[in-house]
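Q: I am attaching a structure below and will ask some questions about it afterwards.
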Amino acid sequence: MSTRIETYEQYKAAYEASVNNPEAFWAGVADQFSWRRKWDKVLEWNFTEPMVKWFANARLNITENCLDRHLAKRGSQPAIIWEPNGVDEPGRVMTYAELHSEVCRFASVLRSNGVQKGDRVCIYMGMVPELAVAMMACARIGAIHSVIFGGFSAQSIADRLQDAGARFIITCDGAYRGGKDIPLKNTVDDALQTSGGVERVIVFQRTHTAVSMIKGRDVWWHEEMAKVIDSGVTEAEEMEAEDPLFILYTSGSTGKPKGVVHTTAGYMVYATYSFENVFQPKEGEVHFCTADIGWITGHSYIVYGVLCAGGTSLMYEGIPTWPDAGRFWEIVDKYKVGILYTAPTAIRSLMAFGTDPLQGKDLSSLRVLGTVGEPINEEAWNWYNEHVGKRRCPIVDTWFQTENGGILISNLAGVTPSKTSYATLPLPGIQPILVDEQGKEITGNDVSGNLCIKFPWPSVIRTTWGDHERCRQNYFATYPGYYFTGDGCYRDSDGMYRITGRVDDVLNVSGHRIGTAELENAINMHTGVLESAVVGYPHDLKGQGIYAYVIMDSMPDDEPHTRADIAQTVARVIGSIAKPDKIQFVPGLPKTRSGKIMRRILRKIAEGELQQLGDVSTLLDPSVVEIIKDGRL
Ligand code: WTA
Numbered sequence: 147m148s149t150r151i152e153t154y155e156q157y158k159a160a161y162e163a164s165v166n167n168p169e170a171f172w173a174g175v176a177d178q179f180s181w182r183r184k185w186d187k188v189l190e191w192n193f194t195e196p197m198v199k200w201f202a203n204a205r206l207n208i209t210e211n212c213l214d215r216h217l218a219k220r221g222s223q224p225a226i227i228w229e230p231n232g233v234d235e236p237g238r239v240m241t242y243a244e245l246h247s248e249v250c251r252f253a254s255v256l257r258s259n260g261v262q263k264g265d266r267v268c269i270y271m272g273m274v275p276e277l278a279v280a281m282m283a284c285a286r287i288g289a290i291h292s293v294i295f296g297g298f299s300a301q302s303i304a305d306r307l308q309d310a311g312a313r314f315i316i317t318c319d320g321a322y323r324g325g326k327d328i329p330l331k332n333t334v335d336d337a338l339q340t341s342g343g344v345e346r347v348i349v350f351q352r353t354h355t356a357v358s359m360i361k362g363r364d365v366w367w368h369e370e371m372a373k374v375i376d377s378g379v380t381e382a383e384e385m386e387a388e389d390p391l392f393i394l395y396t397s398g399s400t401g402k403p404k405g406v407v408h409t410t411a412g413y414m415v416y417a418t419y420s421f422e423n424v425f426q427p428k429e430g431e432v433h434f435c436t437a438d439i440g441w442i443t444g445h446s447y448i449v450y451g452v453l454c455a456g457g458t459s460l461m462y463e464g465i466p467t468w469p470d471a472g473r474f475w476e477i478v479d480k481y482k483v484g485i486l487y488t489a490p491t492a493i494r495s496l497m498a499f500g501t502d503p504l505q506g507k508d509l510s511s512l513r514v515l516g517t518v519g520e521p522i523n524e525e526a527w528n529w530y531n532e533h534v535g536k537r538r539c540p541i542v543d544t545w546f547q548t549e550n551g552g553i554l555i556s557n558l559a560g561v562t563p564s565k566t567s568y569a570t571l572p573l574p575g576i577q578p579i580l581v582d583e584q585g586k587e588i589t590g591n592d593v594s595g596n597l598c599i600k601f602p603w604p605s606v607i608r609t610t611w612g613d614h615e616r617c618r619q620n621y622f623a624t625y626p627g628y629y630f631t632g633d634g635c636y637r638d639s640d641g642m643y644r645i646t647g648r649v650d651d652v653l654n655v656s657g658h659r660i661g662t663a664e665l666e667n668a669i670n671m672h673t674g675v676l677e678s679a680v681v682g683y684p685h686d687l688k689g690q691g692i693y694a695y696v697i698m699d700s701m702p703d704d705e706p707h708t709r710a711d712i713a714q715t716v717a718r719v720i721g722s723i724a725k726p727d728k729i730q731f732v733p734g735l736p737k738t739r740s741g742k743i744m745r746r747i748l749r750k751i752a753e754g755e756l757q758q759l760g761d762v763s764t765l766l767d768p769s770v771v772e773i774i775k776d777g778r779l
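Given below as structure tokens:
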């Protein structure tokens, strides 16, 4: 597209234009897409309700932008390349023409199964191309998809189904991940025992494991697809710019995960614009994003952004270390990957195996490296740069959040300067500011504060599903007039941004966002637990580990056993990714006289900074601190 920034000078000019006249700037970007009808007004907004509308009254369908409009030029170009978990199984390639046809056929299946515009459809699948097909088939007919990460538990699925009011769920019989065969359909069955309202389960056959199919409720993907007689074009539903495209659940500092709502036009424009400019993809180049599609990174940089830009997206079913730690490099070599986009936690886990797994793998196709999900430590950055990029590939350190839809702060590969462990500069259209605890803007450079954004961008969160007030409270109330990210940030003397981590009660464990409140809820469900408090602590591989302080009704006789039981409870309630790393049994928690848990103290103890606990005199019972210190794990 012609809005591609190619030099640092162009970046500065684009940035300035985007601030001085945002509407003209984004109209120029949006012009590149295919619209059924163009907008009446580019932007209307206030951050108090909040209310944000981009491209009001424009009409479009995102799948026409991802698929149909590419057919003439790119019909036979690979859209999705799929690498299975097992090394012996052949991969698959879907061209734009094939993907278009699959999406149309599955859209027709959805319609014949009763899915209508505006319906919510949950998707709980492994990393198979049909997951992308399912998402786009929903979008094709105007249904709102909500992808649930395949590692979440039945309880988590039930919560999401209920919150979204979904009548449909699409799943697989099972999923291969490393040496495991994960029984997805069974987990869905468990979820549906507690959650009513789901009328239809569509099951894609992947692992051929035995599953129970409930008559009248469950149908096979392949059988339904075979029934589609007219495999031509399923007419795309004409959507309003602000019609919801998807809901994606994410953790916050309070309560249960909330459904972040992204809308059609703004999300499409920003996911595509950020993809093009951050990664600077070349014609026909293979883009390998290793995220799971269950997270926002996968939505934007495996599916929508890449396909809208006419790119080739490589999708990998398995894990970095299966069958050995050379797998990523083998994939890069095999498919001549040009762009590799992964997470610091993956880099750290591969680093631990040294450079042997890299031997004999031709990585010369690599041109751009990317990282996302958590702050990248210098050691990991250097290893990535030296051993993977061979010091010739720019590394983009991309910062964003589920609520943002696309990358907000990052260097542009080979175009703007990079700096180790800095996300560096905002993309055009993004106006970051740092504020102090009182919400006062901190100006100047070489300063730290809480990161806020003061002006809307096209893919800013519109609402949290079914609860607009929660959206306001969470993001727009802490510092009135600004979108608050929940992240701390340092701006160096050159005006470059370095994200330092969450300043709220959200943990980032191996790049997964988990709320401490959610964890405590899960722990407290275990019989015998009276109360718990969870904090994060630095963890070599995971970035942050989960440290739980637990009060039992009586001290357990067999501590390891009880710990394992509690971890199991958490896995059942949330998923295995949320299992605590450390569980310390304590007789009490440090509380203020008003009953508030002093997390600061618990955090310091977990971090091992026992000398710097600060003032404990306001505690109801300061002696408990000594006991907790002594029992530290
Ligand atoms: C963190 C993931 C430092 C941050 C895309 C944010 C990062 C949270 C970076 C969002 C980065 C993401 N450097 N920290 N490059 N990217 N984060 O919603 O704390 O799963 O608030 O979105 O991840 O996590 P989420």
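If you count the sequence shown from 1, position 492 lands on 638 in the working numbering, and the numbers rise without skipping.
All residues carry an ideal CB built from backbone N, CA and C; glycine is no exception.
Under 8 Å: do the stretch 295 to 309 and the stretch 420 to 434 share three or more Cβ pairs, one atom per stretch?
A: The stretch 295 to 309 vs the stretch 420 to 434: no contact.
Q: Pull the bridge partners of serine 678 from the DSSP assignment, please.
A: As a first step, residue 678 must be located in the sequence shown, where it is residue number 532. In the DSSP output, where bridge partners are listed per residue, serine 678 has Val696.
Q: Just curious, the alpha helix (DSSP H) that threonine 317 is in, first and last residue?
A: Locating residue 317 in the sequence shown gives position 171, where the first residue counts as 1. Counting along the chain, threonine 317 falls outside any alpha helix (DSSP H), though it belongs to the beta strand (DSSP E) covering 314 to 318.
Q: Compute the distance between the beta-carbons of valine 652 and glycine 691, then report whether it is under 8 Å.
A: Start at 1 with the first residue of the sequence shown, and residue 652 comes out as number 506. Start at 1 with the first residue of the sequence shown, and residue 691 comes out as number 545. No. Outside cutoff.
Q: Are tyrosine 628 and isoleucine 660 close, meaning C-beta to C-beta below 8 Å?
A: For the purposes of this step, residue 628 is identified with residue 482 of the sequence shown, where counting begins at 1. For the purposes of this step, residue 660 is identified with residue 514 of the sequence shown, where counting begins at 1. No, the Cβ-Cβ distance between tyrosine 628 and isoleucine 660 is not below 8 Å.
Q: By the DSSP assignment, the beta strand (DSSP E) with alanine 174 in it spans what residues?
A: Reading the sequence shown from its first residue, position 28 is the one you call residue 174. Per the sequence shown, residue 174 should be read as glycine rather than alanine. From DSSP, glycine 174 is part of no beta strand (DSSP E) but of the alpha helix (DSSP H) over 168 to 176.
Q: Helix, strand or coil for phenylalanine 630, going by three-state DSSP, please let me know.
A: Your numbering for residue 630 matches position 484 in the sequence shown. Strand at phenylalanine 630.
Q: Excluding sequence positions up to five away, which residues of its chain have a Cβ less than 8 Å from the Cβ of threonine 436?
A: The sequence position of residue 436 within the sequence shown is 290, counting from 1. Hits under 8 Å: Tyr462, Pro466, Phe474, Leu486, Tyr487, Thr488, Ala489, Ala492.
Q: Given that a residue counts as buried once 16 or more other Cβ atoms are within 10 Å of its Cβ, and exposed if not, what is aspartate 543?
A: Within the sequence shown, residue 543 is the residue found at index 397, counting from 1. That one is buried.
Q: Report yes if the C-beta of glutamate 520 is less than 7 Å from at least one heavy atom of ligand 1; otherwise report no.
A: Numbered from its first residue, the sequence shown carries residue 520 at position 374. Yes - ligand 1 has a heavy atom lying nearer than 7 Å to the Cβ of glutamate 520.
Q: Could you give the distance in angstroms between the alpha-carbon of valine 561 and the alpha-carbon of lysine 507?
A: Counted from its first residue, the sequence shown places residue 561 at position 415. Counted from its first residue, the sequence shown places residue 507 at position 361. One C-alpha to the other measures close to 28 Å.
Q: Output the distance between the C-alpha atoms of methionine 671 and threonine 715, rounded to the nearest integer angstrom.
A: By one-based count along the sequence shown, residue 671 stands at place 525. By one-based count along the sequence shown, residue 715 stands at place 569. Approximately 7 Å, taken between the alpha carbons.
Q: Sorted by chain position, which residues of the same chain lie with C-beta nearer than 7 Å to tryptophan 527's C-beta, five sequence neighbours on each side aside?
A: On the sequence shown, residue 527 is found 381 positions in, with the first residue counted as 1. Only Ile541, Thr566, Ser567 meet the Cβ criterion.
Q: Tell me whether the beta-carbon of arginine 644 lies closer than 8 Å to the beta-carbon of alanine 569.
A: Reading the sequence shown from its first residue, position 498 is the one you call residue 644. Reading the sequence shown from its first residue, position 423 is the one you call residue 569. Yes, Cβ-Cβ distance for arginine 644 and alanine 569 is below 8 Å.
Q: One question on the structure: do alanine 160 and proline 574 come within less than 8 Å of each other, judged by their Cβ atoms?
A: Walking along the sequence shown from the start, residue 160 turns up at place 14. Walking along the sequence shown from the start, residue 574 turns up at place 428. Result yes, Cβ atoms of alanine 160 and proline 574 sit closer than 8 Å.
Q: If you follow the alpha helix (DSSP H) that aspartate 651 is part of, which residue opens it and which one closes it?
A: Taking the first residue of the sequence shown as 1, we reach residue 651 at position 505. First-last for aspartate 651: undefined, no H or E at that position.
Q: On the DSSP letters alone, give me the boundaries of the alpha helix (DSSP H) that histidine 368 sits inside.
A: As a first step, residue 368 is located in the sequence shown; it is residue number 222 there, counting from the start. Where histidine 368 is concerned, the enclosing alpha helix (DSSP H) stretches over 367 to 373.
Q: Would you check if the distance between the CB atom of leucine 256 and the CB atom of cysteine 284 is smaller than 8 Å?
A: Within the sequence shown, numbered from 1, the residue matching residue 256 stands at position 110. Within the sequence shown, numbered from 1, the residue matching residue 284 stands at position 138. In contact: leucine 256 and cysteine 284 (Cβ atoms closer than 8 Å).
Q: Can you find the residues in the same chain that come closer than 7 Å, C-beta to C-beta, to alanine 204, ignoring five residues on each side of it along the sequence?
A: Translated into the one-based positions of the sequence shown, residue 204 becomes position 58. Excluding residues within five positions, the ones whose Cβ falls inside 7 Å are Trp181, Arg183, Lys184, Trp185, Ala387, Ala411.
Q: Can glycine 661 be considered in contact with ligand 1, in the sense that its beta carbon sits closer than 7 Å to one or more heavy atoms?
A: Position 515 of the sequence shown, counted from the start, is the residue given in the question as residue 661. No - ligand 1 has no heavy atom lying nearer than 7 Å to the Cβ of glycine 661.
Q: Given the structure, does arginine 648 come close to ligand 1, in the sense that its CB is under 7 Å from one of the ligand's heavy atoms?
A: Residue numbering aside, residue 648 sits at position 502 when the sequence shown is read from its first letter. For ligand 1, at least one heavy atom lies less than 7 Å from the Cβ of arginine 648.
Q: By the DSSP assignment, the beta strand (DSSP E) with asparagine 596 in it spans what residues?
A: By one-based count along the sequence shown, residue 596 stands at place 450. 593 to 599 is the extent of the beta strand (DSSP E) around asparagine 596.
Q: For the alpha helix (DSSP H) that alanine 417 lies in, which residues bound it at each end?
A: The residue given as residue 417 occupies position 271 in the sequence shown. Its alpha helix (DSSP H) spans residues 410 to 425.
Q: Kindly indicate which three-state DSSP category serine 254 falls into: helix, strand or coil?
A: Translated into positions along the sequence shown, residue 254 becomes position 108. Of the three classes helix, strand and coil, the one that applies to serine 254 here is helix, per DSSP.
Q: Let me check one thing: in DSSP terms, what residues is lysine 428 bridge-paired to?
A: Counting from one through the sequence shown, the residue named residue 428 turns up at place 282. According to DSSP, lysine 428 bridges with nothing at all.
Q: Taking Cβ to Cβ, would you say threonine 662 is nearer than 8 Å to alanine 382?
A: Indexing the sequence shown from 1 puts residue 662 at position 516. Indexing the sequence shown from 1 puts residue 382 at position 236. No, these two residues do not count as a Cβ contact at 8 Å.
Q: CB of isoleucine 448 to nearest heavy atom of ligand 1: below 7 Å?
A: Within the sequence shown, residue 448 is the residue found at index 302, counting from 1. No, since every heavy atom of ligand 1 falls outside the 7 Å radius drawn around the Cβ of isoleucine 448.
Q: Could you name the residues that DSSP lists as bridge partners for glycine 325?
A: For the purposes of this step, residue 325 is taken as residue 179 along the sequence shown, with counting starting at 1. In the DSSP output, where bridge partners are listed per residue, glycine 325 has none listed.
Q: What does the Cβ neighbour count give for methionine 744, buried or exposed, with the cut at 16 atoms within 10 Å?
A: Counting from one through the sequence shown, the residue named residue 744 turns up at place 598. Result: buried.
Q: Residues bridged to lysine 404 by DSSP?
A: If you number the sequence shown from 1, residue 404 lands on position 258. According to DSSP, which records beta bridges pairwise, lysine 404 is partnered with Thr396.
Q: Should isoleucine 607 and cysteine 598 be called a contact, given that it needs their Cβ atoms to be closer than 8 Å?
A: Position 461 of the sequence shown, counted from the start, is the residue given in the question as residue 607. Position 452 of the sequence shown, counted from the start, is the residue given in the question as residue 598. It is not a contact, given that the beta carbons lie outside the stated cut-off.
Q: Going by C-alpha distance, which of Gly311, Pro602, Val681 is nearest valine 94?
A: Outside the shown range of the chain, which is 147 to 779, sits residue 94, and nothing can be said about it.
Q: Out of Tyr447, Asp470, Trp468, state which residue places its alpha-carbon closest to the alpha-carbon of serine 459.
A: Here the question's residue 459 lines up with position 313 in the sequence shown. Ranking Tyr447, Asp470, Trp468 by Cα distance to serine 459 puts Tyr447 first.
Q: Assign glutamate 276 to buried or exposed, taking buried as 16 or more other Cβ atoms, counted over all protein chains shown, within 10 Å of its Cβ.
A: Taking the sequence shown and counting its residues from 1, one reaches residue 276 at position 130. With 16 or more Cβ atoms within 10 Å of its Cβ, glutamate 276 is classed as buried.
Q: Report the option in Ile226, Ser164, Val344 whose CA atom is closest to the CA atom of glycine 451.
A: Taking the first residue of the sequence shown as 1, we reach residue 451 at position 305. Measuring from the Cα of glycine 451, the nearest candidate turns out to be Ile226.
Q: Under a Cβ-count criterion, where at least 16 other Cβ atoms within 10 Å of its own Cβ denotes burial, should leucine 735 be classed as buried or exposed?
A: Taking the first residue of the sequence shown as 1, we reach residue 735 at position 589. Looking at its Cβ environment, which holds 16 or more other Cβ atoms inside 10 Å, leucine 735 is buried.
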